[in-house]
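In the UniProt record's numbering, the protein residues as written are 1 to 335.
Dropping the structure here:
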């Protein structure tokens, strides 16, 4: 049959098949391009939606804040913000190192033997200039001293009381309810006895100073000669941990200055550690009880939370998720 076809018919048939194959290839290519463009556009839309979502914004914000906090924790400040201060860094004093205090943990209490030794250092050294207005003799009972010991120490000091039946003031021995006496009768007398400087009250000194125990310990043990180029006027002492470097209080703790009752060597660092522990207790007498109450509260609320989860899951869950179907009764007449 092929032999009966002319050459022109064969050429027309070949050109037709070629055109059809070309159209098929072009249509398949256009469909592939269309599918590729649609998939790329959907991916771009999904990425744009992800970048504009609130969860992404919150996550980026938390990551940035965490990075800044971690950097400042490690290095103190950013290098390009080092000069953004109204005053020089030396005016703020040298930052004290962090010491491993025995009462610093969540489940740690005060070392009461150290509190007792710290009170001895305060009484024999610090009490000559600094007051402790918020601490009464009764506060020592059960913490560092017995009732008889606290009463005996209170009776060694005379307090003004009265008036009596004749309207006169009189002196009497101290009682457990009396507060520890101040070294000076008023602020003017305190300044006159310390070359114009006012010794602060030590009742809340740990809470009142940035760095708390670390700062006070570093201050008591950080006295040194002024470095070259630093001028300290007469009557002042150089301490790098004090703001400005110049402090009116001279060094007061030296090795062997006191004799501990329990035989502990009275080194400078030991006395500083003990008196700082005592002052921390004076600022937070409720420290140990607060931690005990916190542990009890955590245990109690954790138990109640577990019980609430159990009740919600196994008691209220079936009741809230049940399906109630009402099938009305059929009429006896068949309606």
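Positions of the beta carbon are idealized from the N, C-alpha and C atoms, including for glycine.
Predicted model only: the values in this text are computed from it and were never measured.
Excluding sequence positions up to five away, which residues of its chain have a Cβ less than 7 angstroms from the Cβ of residue i?
i           : result
residue 139 : 285
residue 151 : 176
residue 242 : 93 and 219
residue 178 : 136, 137, 154 and 159
residue 252 : 125
Compute the beta-carbon to beta-carbon distance between residue i and residue j, rounded to the nearest angstrom, for a pair I have assumed lies under 8 angstroms.
i           : j           : result
residue 223 : residue 239 : 5 angstroms
residue 99  : residue 217 : 6 angstroms
residue 264 : residue 117 : 6 angstroms
Near residue i, what residues of its chain come up, given a Cβ to Cβ distance below 6 angstroms and the 5 sequence neighbours on each side ignored?
i           : result
residue 124 : 258
residue 174 : 154, 155, 157 and 159
residue 226 : 232 and 238
residue 181 : 157
On the CB-based measure, 16 or more other CB atoms within 10 Å of its CB, does residue i come out buried or exposed?
i           : result
residue 147 : exposed
residue 313 : exposed
residue 210 : exposed
residue 205 : buried
residue 202 : buried
residue 93  : buried
residue 106 : exposed
residue 121 : buried
residue 115 : buried
residue 171 : exposed
residue 43  : exposed
residue 64  : exposed
residue 273 : buried
residue 221 : buried
residue 163 : exposed
residue 277 : buried
residue 275 : buried
Once you ignore the five residues that flank residue i on each side, which residues in its own chain have a CB closer than 8 angstroms to its CB?
i           : result
residue 236 : 246, 247 and 248
residue 128 : 183
residue 185 : none
residue 167 : none
residue 112 : 143 and 144
residue 61  : none
residue 287 : 103, 109, 110, 280 and 281
residue 192 : none
State the DSSP-derived secondary structure class of residue i, mapped to helix, strand or coil.
i           : result
residue 249 : coil
residue 318 : helix
residue 101 : coil
residue 95  : coil
residue 57  : helix
residue 330 : coil
residue 290 : helix
residue 284 : coil
residue 111 : coil
residue 299 : helix
residue 267 : coil
residue 106 : coil
residue 45  : helix
residue 273 : helix
residue 323 : coil
residue 52  : coil
Taking only runs that begin and end inside the UniProt domain "Cytochrome c" (113-265), name each unbroken alpha helix (DSSP H) of 4 or more residues, in chain order.
-> 147-155, 187-192, 205-208 and 212-221
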